[in-house]
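Q:
Protein chains: 2
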Amino acid sequence: MVDNQSFQLSVEELPHQTQEYLETLFAVGNGQIGVRAGHPLKVNQLYDGNPGVFVNGFFDSEPIQYGEWAYGYAKNHQTICKLPNLRGIVLRIGHECSSDSEWQTERTEMNLDMGAGILTETYHVITPSNKQFDLSLSSFASMKRRELYVCRYTIAHCTFSDPVALSHTLDQSFSLIETDDPRVANKHHQLEKEVRGEYQIWTAPHSGKQIALRADLGPHQLTDGASIASIFQVALVDDNQANFFQNQRVDYATLVKEQEESYQAFWEKSDIHISGNAQLQKGIRFNLFHLNQGAGRDGKTNFAAKGLTGEGYEGHYFWDTEMYLLPFFIYTNPEVAKQLLSYRGNILPQAHARAKELGQSGALFAWRTIDGNETSAYYPAGTAQLHINADIVYGFQLYERVTGDQELIDGIGKDVVFETAKFWLNYGTYTRKQGQDYFGVHGVTGPDEYSALVNNNFYTNKMVQNNFYYAAELAERYGMYPEERNKWLAAADAMYFGFDEERQITQQDDSFLDQAVWPFEETPAENYPLLLHYHPMIIYKHQVCKQADTVLAEMLFTGDFSFAQLKRDYDYYEKVTTHDSSLSRSIFSVMASRIGDTGKAYRYFMDTALMDLTDLQKNVVDGIHAANMGGSWLSLIYGFAGLYYDQGLRMANHLPKEIGTLSFTLSYLGESIKVTLAQNDIFCELQTDSLLVVEEMDAGIRIKQR
Amino acid sequence: MVDNQSFQLSVEELPHQTQEYLETLFAVGNGQIGVRAGHPLKVNQLYDGNPGVFVNGFFDSEPIQYGEWAYGYAKNHQTICKLPNLRGIVLRIGHECSSDSEWQTERTEMNLDMGAGILTETYHVITPSNKQFDLSLSSFASMKRRELYVCRYTIAHCTFSDPVALSHTLDQSFSLIETDDPRVANKHHQLEKEVRGEYQIWTAPHSGKQIALRADLGPHQLTDGASIASIFQVALVDDNQANFFQNQRVDYATLVKEQEESYQAFWEKSDIHISGNAQLQKGIRFNLFHLNQGAGRDGKTNFAAKGLTGEGYEGHYFWDTEMYLLPFFIYTNPEVAKQLLSYRGNILPQAHARAKELGQSGALFAWRTIDGNETSAYYPAGTAQLHINADIVYGFQLYERVTGDQELIDGIGKDVVFETAKFWLNYGTYTRKQGQDYFGVHGVTGPDEYSALVNNNFYTNKMVQNNFYYAAELAERYGMYPEERNKWLAAADAMYFGFDEERQITQQDDSFLDQAVWPFEETPAENYPLLLHYHPMIIYKHQVCKQADTVLAEMLFTGDFSFAQLKRDYDYYEKVTTHDSSLSRSIFSVMASRIGDTGKAYRYFMDTALMDLTDLQKNVVDGIHAANMGGSWLSLIYGFAGLYYDQGLRMANHLPKEIGTLSFTLSYLGESIKVTLAQNDIFCELQTDSLLVVEEMDAGIRIKQR
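So the sequence lines, in the order shown, correspond to chains A and B. Quick note on numbering: UniProt numbering labels position 492 of the first sequence as 492, and the sequence is numbered without any gaps. Quick note on numbering: UniProt numbering labels position 599 of the second sequence as 599, and the sequence is numbered without any gaps.
#1: Determine contact between the segment 101 to 115 of chain A and the segment 29 to 45 of chain A, defined as no fewer than three beta-carbon pairs at a distance below 8 Å.
#2: Output needed for Phe588 (chain A): all residues of its chain with C-beta closer than 7 Å, excluding positions within five of it in sequence on either side, in chain order.
#3: Tell me whether Val195 (chain B) is buried or exposed, calling it buried when 16 or more other Cβ atoms sit within 10 Å of its Cβ.
#4: Does the distance from the C-beta atom of Gln65 (chain A) to that of Gln65 (chain B) stay below 8 Å?
#5: Cutting at 7 Å between CB atoms, please list the residues of its own chain near Asp3 (chain A), excluding the five before and the five after it.
#6: So, at 6 Å on beta carbons, what are the nonlocal neighbours of Val417 (chain B) in its own chain, with the 5 sequence-adjacent residues on each side left out?
#7: Can you pull the DSSP bridge partners for Gln543 (chain B)?
#8: Against chain A, which members of the segment 376 to 392 of chain B pass a CB distance test of less than 7 Å?
#9: Among all the DSSP beta bridges, which residues are the ones paired with Trp202 (chain A)?
#10: For Asn186 (chain B), name the three-state secondary structure that DSSP assigns.
#11: Can you list, in chain order, the residues of its chain whose CB lies under 7 Å from that of Tyr149 (chain A), leaving out five sequence neighbours each side?
#12: So what does DSSP say about Asn111 (chain B), is it helix, strand or coil?
#13: Buried or exposed for Ser129 (chain B), going by 16 or more other Cβ atoms inside 10 Å?
#14: Rounded to whole angstroms, what is the Cα-Cα separation between Leu255 (chain A) and Val28 (chain A)?
#15: Where does the unbroken alpha helix (DSSP H) through Asp493 (chain A) begin, and where does it stop?
#16: Would DSSP call Met1 (chain B) helix, strand or coil?
#17: Please report the distance separating the alpha-carbon of Gln465 (chain B) from that of Asn302 (chain B).
#18: Cα separation between Leu556 (chain B) and Ala70 (chain B)?
#19: Is His95 (chain A) buried or exposed, if buried means 16 or more other CB atoms sit within 10 Å of its CB?
#20: Work out the CA separation of Glu419 (chain A) and residue 794 (chain A) for me, nearest whole Å.
#21: Only counting the same chain, and skipping five residues up and downstream in sequence, which positions put a Cβ closer than 7 Å to that of Ala265 (chain A)?
#22: Between the C-alpha atoms of Gly631 (chain B) and Leu291 (chain B), what's the straight-line distance to the nearest angstrom?
#23: With Cys545 (chain A) and Val576 (chain A) assumed to form a contact (beta carbons below 8 Å), what rounded beta-carbon distance in angstroms separates them?
#24: Going along the chain, which residues of its own chain have a beta-carbon closer than 6 Å to the beta-carbon of Met1 (chain A), five neighbours each way excluded?
#25: Spell out the partners DSSP gives Gly404 (chain B) in its beta bridges.
#26: Relative to the alpha-carbon of Gln687 (chain A), which residue among A:Asn680, A:Ile673 and A:Thr578 has its alpha-carbon at the smallest distance?
#27: Does the pairing of the segment 273 to 281 of chain B with the segment 160 to 173 of chain B give three or more beta-carbon distances under 8 Å?
#28: Would you say Pro219 (chain A) reaches chain B, if we count a Cβ-Cβ gap shorter than 8 Å as a contact?
#29: DSSP on Met651 (chain A), reduced to helix/strand/coil?
#30: Which one of B:Lys82, B:Asn467 and B:Ser10 has the shortest CA to CA distance from Asp493 (chain B)?
#31: Give the residues from the segment 536 to 552 of chain A that approach chain B closer than 7 Å (Cβ to any Cβ), ordered along the chain.
#32: Check for me: the beta strand (DSSP E) holding Phe439 (chain B) runs from which residue to which?
#33: Using a beta-carbon distance below 8 Å, is Asp510 (chain A) in contact with chain B?
#34: Answer with buried or exposed for Gly372 (chain A), where buried requires no fewer than 16 other C-beta atoms within 10 angstroms of its C-beta.
#35: Taking only beta-carbon atoms, is Leu91 (chain A) less than 8 Å away from chain B?
#36: With a threshold of 6 Å on Cβ separation, who are the neighbours of Thr18 (chain B) within its own chain once the five nearest residues in sequence on each side are excluded?
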């Protein structure tokens, strides 16, 4: 199965071939190490690429410079460190050396085997004295042994008889990118390097974070037809970790076999099959492949906005994890979901400290961070997005409901839920409106970053209500916080949700519908995304959404709304949404499915499914759009298949006419369910000894415990 | 008259004597040059002072570093340059030199003659070899010749016979102050110095701004009892200015005489006499003295927030000029008011460019600037305070009404009014509320910086309405903009003013009254000002005002409100105002007078009148609070005397019982009016040939044209 052509991504299929774009798309990683597909021979020559290697959680920091400082601002930047291009080599043939002179190289093959997680490349090389040969690479980041990056080099078709000496160098020049784009990292840190016996310790000087690195740098003499496998061991140095590395020596063939087995297992749990569109099928597998590559799995790291494929967003973790990535992992790879959530438990002390700094009770998670400390340097679209607290709780809750695993909640999970509930009760406020006391959260920014510091953002209030209810449920279960529990329930019951009676639509926030609608007709196409062409003040004072906000809340809580309401809100908010965020279209796709507009759902889905392969947002150079990749899973599974948790897994058939069949696997309460949708048909295959049952419902099915 | 003890400020009268505080209070200036009273002998020894000299408009710039950049942000800081302590000297007696060794100095006299604008000091000096003598200084910045700073040194009571060699050095060490306080400048620029014949050119390297400086640096040999007058010529180098300086030689005695005459003329027009409290009388004169010292008078410079007495707020000009300082100048020194307003006309091109950058029509004046370009590095409490546009227009309007001088309006004035009106029409928006179309300004920050980016800030809407009406009046007068005129009138007529029916109070903005009231009872005294102890998010989501906002609007347009409404609003907003801004108390004093609470008016006034002498805000070291000094004039004249422009000058007697009589002079339509208030009595003395008439009204009088 894994040799299937739709698991192979070849460079020839891609719409353009600029070096930086290919480096991102063909990056290989395993959640711990990520290696961009930098040119193997340009190790000390600047070229039109941006090669590099990233280690999840390895960052440097520096004080944030503010034009004008204020109390409580985030103190330090955190920037993931770019390591040298490990796969880069220096070749010597006789007196000629590839790093001293310009050797001509032509790429003749570049193929990613997504079924096995292995990247294969071949370059035809011509030296200045016209010696010619083929250089092939076969590389991967080991899924079984996460400290290992492996690259095998083969020399073939030599027009000369001298041996080729192959060596690595870790002293490399970097190209520097200067940009004003707030979405791109713009910092480069010099690492301190120290040799300790057979390994090196590299230290980020300001954060003090360290990695250990071990490799045989050569040189190795290769004759025509010979291969050498370089194995790099790379790991974050943990305070409690005397030995950084496993010391077992494993040969290349074994590593390849393990890699194939690991990917086979991954695809069995995670693959989605679509009939009728080979490009789309491949695009979806590409997304799932990158989701697998990017997730930290040690409970101490998470999933960066760009995975480990680039420097965009400085390698930070956002709410993207819980709201866009976690559903995929919860429903297919719950053990990964558990690790991602454990990370949040691990940074709870930092969240406590942050709440305290802001004079609030409980815990407030950082909007963007690597080590748990707030690093957002523009709080109106950073710290003010308090909803991340409730997003994380939603992640824990969904994890528990779908996996049935209470262990995580028994441990750190319940503390996360309680502490965030304490924060909301303190931060939120009761207001009297029309003779009634309502609870609401004021002075926040919702998911829509084109409206900032508003009162009663609908999404936030809805998520906070859920946070309170779940906290109350757990308080009862564990016999804790009896007094707080009553307050949480009271606040949840009194939660304010604005509604515009005249237009009969849900209010995004207290003032959104009072603003003038953005002058879309007068806005030329090149002025999008708006954030790069208009001052925030101008954007904020208009009715214009960067992304799904109310519509996202309605996706998460679809059952709480009438069909007519969902449709009215969708129609209204779609008109004022620019989708300038890559987190938007997938949600509009899901909700288009649910309100019955499968044509629109398909169009939005097609934009998201192939966003990076087609370089839709023109910034793949900075890394893949991980949340959008998770979003394309949502479009398929939450949208076309209508998956919605409601005392079991509800599904409905919203398959657009362009797709013949859609098959996928879900994990529910430890069991594996194979689901197939065809036009007007849903078929579920349960395990033979299943404790589940499929119930027919009005508009679809529900899978629940017997 | 000027020898009156209440015109003398002596160091012994002050509540504390720390060096930096005295350097600010005893700074002398003339609107072009400001000289802090730095120690005369500590020119190359760091000490607990912060000496320096400022030239109005002479600044350096550097790019503003943002933690996260966004489109349209202000690009460059501007920071007024601190020049060396010109009054500092090096003395040599035999082999002893005051800059090589520590000479003991004891200040035996420090007296500011506010009647003549001359500072006198005496120091008893002891050299390491125990030579003793008295060093006296007599210094001032010439009001008649603004390029001159004059300091005469006298040596007396020598215990030795050697001559004393006195010289100046301009190479001096600076003490560096590092602080996070957003209200203090934190930058130090190295000036490039070049000698050109008998003068020097000093260049701020990044802004390219230049000053020329000429002085005789000595040495001069002084024997016991001898004096030498050092005369420094300092001027901004203007592109069109071939000769920097007047070349006329003037002797010290003549300069002193001119200075005395200038101050005599100033006090005749500006003095305020209060009976019954000598300290208060002196404090008021001290304020008026500094108002006279700080105002730029060349149409190219303005009045910095700290005058020319310190580095606070980086030497920037704010709305403070129009709303807090200009009334004093308009009613007493209209020729200075005209120059301050001409500055706004001069920077209209920059205001045009800024509006364009924000995609708006017309002109938007910078919130804080020296050269007219926006330098506010935190736009929610910077650029978003759009009201500065309407504040400036209010200044032009009041100038025209009170002086009767249309020349300024005929010229640049009308353009300022038209261009700001164009901006408002474009930036503002029509919204439908309760079936009616209202015009409002959304996404702005009003004067109260503890509420940011709100809709329909009452003060802003009120000021914009006035801006529109004045623009329409001028459009008609000059036969210009007939189409726009109609739109301006329509928008002004449709202006939205929020009113809370339940509480019967004016809404500060659309959401202010929905916020929770700040927990004042739980806030310890040391947590004020709030901005230094709470994150802006936390402050913004509460009902808490840094300063007068709605109350300020009601001071400017008192006639538009019922007495009961003024009182209700005052009572409500006073309870939620911290007065963390020095711009607040004076306005509350005025409005307390107008709503009949003269006791409260007096208490607020007493806080403002002596704010700097008593170091109430504990930051006099960074410079005087110019706006508050203007505010204390408002408390007296707008408050106690009830001055309010309403088709003439209306006045009313709100004299608090603590003050026996209050006398002052007003300039109206070119005439001088002497006003005296006693308990239950207002007396106006018009010129003998006056074209004005005093009309008795219900609650006071009105002075109008015959």
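Positions of the beta carbon are idealized from the N, C-alpha and C atoms, including for glycine.
A: On the basis of the coordinates in this document:
#1: yes
#2: Ala548, Val551, Glu574 and Tyr604
#3: exposed
#4: yes
#5: The pLDDT assigned to Asp3 (chain A) is 46, lower than 50, so where the model puts this residue is not dependable; a value taken from the coordinates is nonetheless given after this. So the list reads Gly115, once near-sequence residues are dropped.
#6: Val393, Tyr470, Ala471 and Leu474
#7: B:Val517
#8: Ala377, Tyr378, Tyr379, Thr383 and Ala384
#9: A:Lys193 and A:Ile211
#10: With a pLDDT of 49 at Asn186 (chain B), under the threshold of 50, the predicted position of this residue should be treated as unreliable, though the coordinate-derived value follows. Three-state DSSP puts Asn186 (chain B) in coil, outside helix and strand.
#11: Ile33, Val35, Leu86, Ala141, Phe232 and Val234
#12: strand
#13: exposed
#14: 15 Å
#15: Pro482 to Asp493
#16: Caution is warranted here: a pLDDT of 40 is assigned to Met1 (chain B), below 50, making its placement in the model unreliable, and the coordinate value is therefore given only provisionally. Note: Met1 (chain B) maps to coil in three-state DSSP.
#17: 26 Å
#18: 36 Å
#19: exposed
#20: There is simply no residue 794 (chain A) to check, as chain A begins at 1 and stops at 706 in what is shown.
#21: none
#22: 11 Å
#23: 6 Å
#24: Residue confidence is low: Met1 (chain A) scores 39 on pLDDT, short of 50, so the model does not pin down where it sits. No coordinate-derived value is stated.
#25: Gly404 (chain B) is not bridged to any residue.
#26: A:Ile673
#27: no
#28: no
#29: strand
#30: B:Asn467
#31: Pro536, Met537, Ile538, Tyr540 and Lys541
#32: Gln436 to Gly440
#33: yes
#34: buried
#35: no
#36: none
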